Structure formats: C-alpha cells, structure tokens
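So the protein lines, in turn, are chains S and W. Those letters in the first sequence? Residues 1 to 152, by UniProt numbering. Those letters in the second sequence? Residues 1 to 152, by UniProt numbering. Just so you know, even glycine gets a beta-carbon here, dropped at the ideal spot from N, CA and C. Note that this is a predicted model, so its numbers are computed, not measured. Report on the structure given below.
Number of protein chains: 2
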Amino acid sequence: MQFDLIDKKLISLLQKDSKKTNKELSNALNLSVTAVYERIKKLEKTGVIDKYVALIKKDKVNKAFVAFCHIKLTQHTHDYVVKFEREVTNLEEVTECYHISGDYDYLLKVLVKDMEAFREFMVSKLTSINHIGSTHSMFMINEVKHTTAISL
Amino acid sequence: MQFDLIDKKLISLLQKDSKKTNKELSNALNLSVTAVYERIKKLEKTGVIDKYVALIKKDKVNKAFVAFCHIKLTQHTHDYVVKFEREVTNLEEVTECYHISGDYDYLLKVLVKDMEAFREFMVSKLTSINHIGSTHSMFMINEVKHTTAISL
DNA sequence: CTGCATAATTGAAAAATTTTCTGTTAAAAA
DNA sequence: TTTTTAACAGAAAATTTTTCAATTATGCAG
Chain S
1 MQFDLIDKKL ISLLQKDSKK TNKELSNALN LSVTAVYERI KKLEKTGVID
51 KYVALIKKDK VNKAFVAFCH IKLTQHTHDY VVKFEREVTN LEEVTECYHI
101 SGDYDYLLKV LVKDMEAFRE FMVSKLTSIN HIGSTHSMFM INEVKHTTAI
151 SL
Chain W
1 MQFDLIDKKL ISLLQKDSKK TNKELSNALN LSVTAVYERI KKLEKTGVID
51 KYVALIKKDK VNKAFVAFCH IKLTQHTHDY VVKFEREVTN LEEVTECYHI
101 SGDYDYLLKV LVKDMEAFRE FMVSKLTSIN HIGSTHSMFM INEVKHTTAI
151 SL
C-alpha cells in the first residue's frame, strides 16, 4: 500500500496517541470523520497498523533496571537455534531478542527490578538455557531516547 | 501505587490491546464497567500508563533494516554529552538511544530502508555529530521477540 | 467490637464516539 | 468522453465512554 501525505500525518498522529478521537483527527487533517475512519480501517486491514497498546512506565512497575545481553551460541545447528529462540522468547524478563550479525549471535533487552534481580535472572534463567557459549551484558545508565514511533 | 491482581490483569490486557472496550475488560475481570473505567483512570493519573499508541509494522513502511550502533565519545565532558544526546535524539532514524555501561558509551537502535540507507545515515548524519570517537554497528538478521509489554 | 471515614463498586442515565448507510464528488480507467 | 472505482461527506444508528447517585466493602480510631 502507498501513502499520501494525509496517511502519513494520520499514522504519525496515531503513533503518538491512539486515543485521539476521529473528530480530533479529522480537524487536524481537514477531513470528515468518516474519511478518517475509513483511512484508519484501511491501515488496519492492510497490516500497516499492527495493534494498539498501552505503554507502561517501567519505573512505576519495578522494572527500571535494563540490561542488554549479547549472547553467543556454542553451535549453530538448526535445532539449537530454534530451541534457544523458543526458550528465550518464553522468558518474561526478555522484552526483545534479535538475531544479529557480528561477534555475537543475539542481542537481548532484559527488564528487571534491580541488579540483584538481574543476577538471579542470569543464574537461574538465562544461563540455564543450553548451548549458550558466552554472554556479555551492558547496563542501561540512562534512557536518552525511546520511541515506538517510526517516522515516515 | 500498589497493584492487586485485578490491576495486574488489567495492565496486562491493555498492554496487549488498548482498543478493548471497558465492557470486554469488565467481562475478563469480573467487574462492572465503571469499576474498570475508574481503575484505568487511576492508572493514567498515577502515570503507570504512560500513553496509548498505534504500533506500525516496519516492513510496511520501508523501515525493515534495523541496526544497533555502539558509540564511544572522544570525551565525556558535560557539554559534549549533552550536545551528543540532543543531536542523536533529533535524528528520526534513531528510535532508541541508551547511555550504557561497558566498552561503549551509547547503544542506538536505528531504523532505515536498507543497507544503502544505513550507509547514508552513517556518513551524513551520525558521524557528522562531533566528538564521536568510534562506532561499532550490528545488523538485525531476525526479530525473534519484540514486545512493548512489561510483565508484572 | 463498634462507629466513622474513605475507597471501591454497581447500575442507570447522559454525553460522546464509533460505525453504518446513502448519496455525492473526485479520480482513474476504458 | 464515458464508465468504473475509490474517496468523501453528512446524518442516523449503534456502541462506548463518562457522569452520577447510591450501595457495599475496607481500614482505622476509639
């Protein structure tokens, strides 16, 4: 699907605040409420808009400690990779896991309460997954920028 | 603020799908619509819920190429740090920027169209920021897991 | 344990929003 | 130019959010 300027503005607005009413959007876009409604439906149907979510402040729910873990596997057989990926996905502390190029195979984002919780996570959860060769963790000192919005 | 089981379920549901109606939520939680409404309002007022957003599929908007950039500064004077952080924040390709511990100072998540666009980003945007000592980039091969939901 | 104050819950009414519908206009294709 | 299709607008219908008044639960001081 291809976007005109109105679509781009609309997507931008919805990425900032999905609770805006169609009337508010229609004002911002100089369109009728129905036109906005139909455009949004189209964005949903074509899968441009994946879903609508509430974003939670992590410090309000005791998950202010963020770690980035680089992980290397011992082997890269299909079975090992699939198993590793499944087990990592099932860890609730892991919010993101990317297979990446470079020295390490994976990059994980891990959210926990504090360093102690992270230690516990490493010892009893992460390193208990088999076939992990080595890990290297970095800790977030400050979140300079973090947006879910993609600019287009 | 402190959460009971209902709050936790509610937060979990809203993190998955913020478009659920209060009636649907009230069914799932065995509560009245108003009770759900009041609980949500409280979560918003206390800042637990930061905001509501639409999540876009990056491959649908030509931003399927994801890079993680490690960056080291030449110096760490207050001025340099502040300036770097401001300029990086202003780059639309950078969706995330974390000040981190370890060998490098920052970790960036960069969204662009393809490798060529990334090259252009590096040459004309990122490295044109002063006081960058060195960079090390990794490229996403596959997104194994990526959720905005924090489990609690 | 009792009474008071506060907080949470409920159902119903009111207000606002979403969704549908019909017809019109604009744009693209024949 | 004519035909077809897509996008748009306004109004009605359906649904949802929000407010309101009253009730029930909860915590605390006496």
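- Item | Residues that Leu-107(S) bridges to, as DSSP identifies them | His-70(S), Tyr-98(S)
- Starting from Lys-125(S), follow the alpha helix (DSSP H) in both directions and report where the run begins and ends. Counting along the chain, Lys-125(S) falls outside any alpha helix (DSSP H), and DSSP gives it neither H nor E.
- Query: Does the Cβ of Leu-25(S) have 16 or more other Cβ atoms within 10 Å, making it buried, or fewer, making it exposed?
  - Reply: Under this definition Leu-25(S) is a buried residue.
- If we cut at 7 Å on Cβ distances, does Thr-21(W) have a partner in chain S? For Thr-21(W), the closest Cβ of chain S is not nearer than 7 Å.
- Message: By alpha-carbon positions, which one of Ala-149(S), Leu-5(S), Met-140(S) ends up nearest to Asp-114(S)?
- Response: Met-140(S)
- Measure the beta-carbon distance from Val-33(W) to Lys-20(W) and round it to whole angstroms, keeping in mind my assumption that it falls under 8 Å. Their Cβ separation, rounded to whole angstroms, is 12 Å, which puts Val-33(W) and Lys-20(W) out of contact at 8 Å.
- Query: From this set, Glu-87(W), Asp-7(W), Cys-97(W), Glu-143(W), which residue's C-alpha is nearest Val-48(W)'s C-alpha?
  - Reply: Asp-7(W)
- Message: From the DSSP secondary-structure annotation, give me the bridge partner or partners of Thr-135(W).
- Response: Ile-71(W)
- Are the stretch 116 to 124 of chain W and the stretch 61 to 80 of chain S touching by the rule of at least three beta carbon pairs closer than 8 Å? no
- What is the rounded straight-line gap between the Cα of Gly-133(S) and the Cα of Glu-143(S)? Taking the straight line joining both Cα atoms gives about 29 Å.
- Query: Does any residue of chain S bring its CB to less than 7 Å from the CB of Cys-97(W)?
  - Reply: Any Cβ of chain S closer than 7 Å to the Cβ of Cys-97(W) would place that residue at the interface, and such an atom is present.
- Task: Would you mind reading off the limits of the alpha helix (DSSP H) that contains Lys-42(W)?
- Result: 33 to 45
- Query: Applying a beta-carbon distance threshold of less than 8 Å, which residues of chain S neighbour Tyr-52(W)?
  - Reply: Asp-17, Ser-18, Lys-19, Tyr-52, Val-53, Ala-54, Leu-55
- Item | Contacts of Asn-142(W) in chain S (Cβ-Cβ under 8 Å) | Among the residues of chain S, those whose CB is under 8 Å from the CB of Asn-142(W) are Tyr-98, His-99, following chain order.
- Message: With three or more C-beta pairs closer than 8 Å as the rule, is the stretch 27 to 44 of chain W touching the stretch 39 to 48 of chain S?
- Response: no
- Check the C-beta distance from Ile-56(W) over to Ile-56(S) and give it rounded, since I have them as a contact under 8 Å. Actually they do not touch by this definition, with Cβ atoms about 19 Å apart.
- Query: Hey, Gln-15(W) and Ala-54(S): beta-carbon distance below 7 Å or not?
  - Reply: Yes.
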